[in-house]
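When you read off a place in the sequence shown, starting at 1, and then add 5, the result is the number in my numbering. Read through the structure below, which is laid out as structure tokens, and then see the notes.
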Amino acid sequence: MLRQARTIPAVEYLQANRVRTLLMHEMARAFAEVDVVVAPSFTGDTLLLTNLTGHPAVVVPDGFTANGTPTSITFLGRLYGEAETLAVARAYQEATGFHLRHQALRAGG
């Protein structure tokens with residue numbers, strides 16, 4: 006993958022960074038009225054967006070599926086809003102206690 010990245014022309018790289026900058030501005034506008042957004046984890050493009058824009062995100066447990074697989078929820082914050090994002094995630098954990106529960110282990114498997 007790293008070798009492949011070396012073959013990207015400079016013009017395409019600059020264009021991608023321009024689009025990334027536009028995306029950062031749109032995310033900043035979306036967060037102008039809110040401090041933290043709660044979203045389902047690993048659905049949609051949330052992880053991709055935060056990786057591209059630098060917005061803080063914290064993922065915490067929120068239970069288990071019917072077959073016992075752990076599930077999670079994501080808290081997204083505005084740029085440089087790590088403290089608020091973490092505070093909301095911590096309050097959620099303290100209120101729910103999901104982080105203290107563990108998946109049941111099966112014998113022999």
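For each residue, glycine too, the CB sits at the ideal point set by N, CA and C.
Look at the beta carbons and you see the stretch 51-68 touching the stretch 87-95: at least three pairs across the two are nearer than 8 Å. DSSP, read as helix, strand or coil, puts T79 in strand.
For V65, the uninterrupted beta strand (DSSP E) run begins and ends at 62-69, by DSSP. When the Cα atoms are used, Y18 and L81 turn out to be separated by approximately 27 Å.
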